[in-house]
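Worksheet: the structure to be examined is printed underneath.
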Amino acid sequence: PVHPSPGEASGSRRRGLAMKCIRRVLGNVMRRNPRSFRRGPSPFELRALSSEPSNASNSKKFEWKNDGFVKTSTPETVFLAFGSATLGLLYPERADLIATLGETTGGPALRRIKSKMEATREGRLILEEKPRISSETLPLDSLLKLDSNTFGFAYAKFMSSHGYTSDERPLVKHIEDIDLAYVMQRYREVHDFWHVLADAPTTVEGEIGQKAFEFLQTGLPMALLSTVVGPLRLSHDQRMRILTAYLPWAYTCHSNCTFLMGIRYENYLKEDLESFRKQLGVVPLTQYIQNSDPTK
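Going by our numbering, the residue at position 16 of the sequence shown is 882; the numbering climbs one at a time, nothing skipped.
This is the structure:
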């Protein structure tokens, strides 16, 4: 057997001790604030047609109140950001770590998103009414009764075929400002709408492509981390497909489409899917790859 050199062994021990220290301090924060980390589901997580409020999401029962907020000191917040980034690099499948990283590092990006949303009437209504997307506000059974060409039917079919539920999205915990916390929550809850519009598969490659698109749309650091770290564990062929197809698609789609965080998707569920994509300017991923195929 090949034995490590004394220097390599010493470096390995130091890295092991550092990781142990990070886990211990994160554990202390978790015990003080048990809601700070909670393992969630694994991710990999228009031109306006109307600006009328949605009856389904206007109900006071689903009013956003930022009830998940967990108060932390500035040093704790900094360490949560550092710890979640470090451990997120090692365990990218940990949705709770990625969510915490997004909340503790996303302040500037969230403010820019909010400013863009405030620039349109539809975006302002979203911020004012703060509609939620859940199994109660958008029951899949009802959406599956829509015409098969509609956006709502495609969304319900996508969710049901993969066994997903909109209730899986964790509540924001580390953003005190109620508007910015809602913007982050809204970003999480419209993720599956974007999947349907982009026609992005739920494969690792498809999720990385979508995260790249989301980063260009939102500027959120956690989306960039997923885009950069995700390919590291893939094969050479998969990484080449991401570089030559998925990332160019993300740039093309972002350059062509409107700002998607300002869209009240709940109002367009009965729209024809292809027509809705065109009005938003979304370029479907599968279509882009087919059109870019040099063998055709």
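Ideal Cβ positions, reconstructed from N, Cα and C, are used throughout, including at glycine.
For residue 1100, the CB contacts under 8 Å within the same chain, skipping 5 residues up- and downstream, are 1070, 1071, 1108 in chain order. Residues of the same chain with a CB within less than 6 Å of the CB of residue 972, apart from the 5 flanking positions on each side, are 1086 in chain order. The Cβ neighbour count for residue 1050, taken over all protein chains shown within 10 Å, is at least 16; the residue is labelled buried. Sequence-distant partners of residue 1077 (beyond 5 residues in either direction) whose C-beta falls short of 6 Å from its own C-beta, in its chain, are 1089, 1092, 1093. Cβ neighbours of residue 1009 within its own chain (closer than 7 Å, five residues either side excluded): 1018, 1019, 1021, 1022, 1135. Put simply, of 1047, 1004, 1041, 1044 the residue whose alpha carbon is nearest the alpha carbon of residue 1026 is 1004. Pairing residue 1126 with residue 1146 gives a Cβ-Cβ distance under 8 Å.
For residue 1139, the closest of 1047, 1097, 1124, 1064 by C-alpha to C-alpha distance is 1064. Excluding the 5 residues flanking it on each side, residue 1033 has same chain C-beta neighbours closer than 8 Å at 1000, 1001, in chain order. In the structure shown, residue 1013 adopts coil according to DSSP, grouped into three states. DSSP places residue 1065 in the coil class of the three-state scheme, outside both helix and strand. Residue pairing from DSSP places residue 1138 in a beta bridge opposite 1016.
Spatial neighbours of residue 990 in its own chain (CB-CB distance under 8 Å, excluding positions within 5 residues in sequence) are listed in chain order as 983, 984. Residue state for residue 1090 is assigned as helix, using DSSP reduced to three classes. Excluding its 5 nearest sequence neighbours in each direction, residue 975 has C-beta neighbours in its own chain below 8 Å: 1084, 1085, 1086, 1087, listed in chain order. Shown here for residue 1062: same chain residues with a beta carbon closer than 6 Å to its own, the five before and five after excluded, namely 1020, 1021, 1024 in chain order.
In this chain, residue 1037 is not harboured by any alpha helix (DSSP H), its DSSP state being neither H nor E. Looking from the CA of residue 1056, the closest CA among 1114, 1080, 1042, 1039 belongs to 1080.
A direct Cα-Cα distance of roughly 10 Å separates residue 1121 from residue 1149. In the structure shown, residue 977 adopts helical secondary structure according to DSSP, grouped into three states. In chain order, 1116, 1117, 1120 place their CB closer than 8 Å to the CB of residue 1082, counting only its own chain and leaving out the 5 sequence neighbours on each side. Counting every other CB atom within 10 Å of its CB across the protein chains shown gives residue 970 a total of 16 or more, marking it as buried.
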